[in-house]
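Per this note's numbering, residue 403 is the first one in the sequence shown, and the count goes up by one each step.
Ideal Cβ positions, reconstructed from N, Cα and C, are used throughout, including at glycine.
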Amino acid sequence: MSSPRSELYRELRRKPLMFGRSYLAALTEPSRWAYRPWADQVTFVCGSPHSGTSVTLRVIGEHPAVYAPMYESEAFLKAMPPWGMLRRLRRETVASGRRVLVEKTPDHLKHIEHIRRLVPGAQFIITIRDGRDVAASIAHRKHSSSSGVRRWQAAAAITAREVNAPDVLCLRYEDFVDDPIGYVRRICAFVGIPYLREMLDFHRHPVRYNGRDGKQKGTGVGGDHQRLRSWQINQPIFDGRGRWKHELSTEVAAAFNVGELGSLMRQFGYS
403 MSSPRSELYR
413 ELRRKPLMFG
423 RSYLAALTEP
433 SRWAYRPWAD
443 QVTFVCGSPH
453 SGTSVTLRVI
463 GEHPAVYAPM
473 YESEAFLKAM
483 PPWGMLRRLR
493 RETVASGRRV
503 LVEKTPDHLK
513 HIEHIRRLVP
523 GAQFIITIRD
533 GRDVAASIAH
543 RKHSSSSGVR
553 RWQAAAAITA
563 REVNAPDVLC
573 LRYEDFVDDP
583 IGYVRRICAF
593 VGIPYLREML
603 DFHRHPVRYN
613 GRDGKQKGTG
623 VGGDHQRLRS
633 WQINQPIFDG
643 RGRWKHELST
653 EVAAAFNVGE
663 LGSLMRQFGY
673 S
């Protein structure tokens, strides 16, 4: 397995002009993330879109040992190396006085192997949800269910490959709704922090998310999506199971019963 520093040198050779102001961070951050005297644990929350990644982050962030930034860093989604953003996350964690960093960017799911190389010992919490409900939720925002079907299938396929990895905890949105205490206990045991009942009272302590206060709900459509997300992250656990029954066409819903979609649905306990 290559080291973070060798990964860095490869990036420098391939894209030397893309570092810009992050050049110093690129030289100093790899060892800080490889050995991490500033943190006991680094965990990334990722997974299928519209599957509960935000509320999962919110619950974990209520723990006094955890620093959970209320924004998506997208550190590993950009063309340039991630060290500038990782430096920011490290500094924020140190300033918080907490020893566990939990970051949430759903699409980091596609970059788990890369993260493993650059952040040795990192953990991953992957959320999954009934694909039909994901398609219905995305259709509300995009006015098309086809995007939701494709995105869920891609995310579920990656999750299926990672589900048994020792550094991965896979959680179903439906289990959060059914048994929130059990859901949070599993998270705490995985991350290595004691379970606290008050973690489920997160909605009593409003936070700003992506710089917004979340006081207004928003529609979730177009540019109003961030306002809706900021509102949602401050709400109690919401039971959104089965919305597909009223919002998806018969044809789209039936597609989740056959082929790869059907196989993935069954693998995660959906029928």
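Judged by DSSP secondary structure, residue 449 falls within the beta strand (DSSP E) whose first and last residues are 443-449. DSSP places residue 529 in the uninterrupted beta strand (DSSP E) bounded by 525-530.
Counting along the chain, residue 647 sits inside the alpha helix (DSSP H) bounded by residues 646-649. DSSP places residue 666 in the uninterrupted alpha helix (DSSP H) bounded by 661-669. For residue 512, no beta strand (DSSP E) encloses it, and the DSSP letter there is neither H nor E.
As a beta-bridge residue in DSSP terms, residue 506 pairs with 447.
The beta carbons of residue 611 and residue 472 sit about 5 Å from each other, so the pair counts as a contact at 8 Å. Beta-bridge partners assigned by DSSP to residue 468: 502.
Residue state for residue 493 is assigned as helix, using DSSP reduced to three classes. Rounded to whole angstroms, the gap between the alpha carbons of residue 639 and residue 429 is 42 Å. Around the beta carbon of residue 603, a 10 Å sphere encloses fewer than 16 other beta carbons of the protein chains shown; the residue is thus reported as exposed. Under the 10 Å beta carbon count, residue 660 is surrounded by fewer than 16 other beta carbons and is classified as exposed.
With a cut-off of 8 Å on Cβ pairs, the stretch 459-466 is in contact with the stretch 572-591, counting three or more such pairs.
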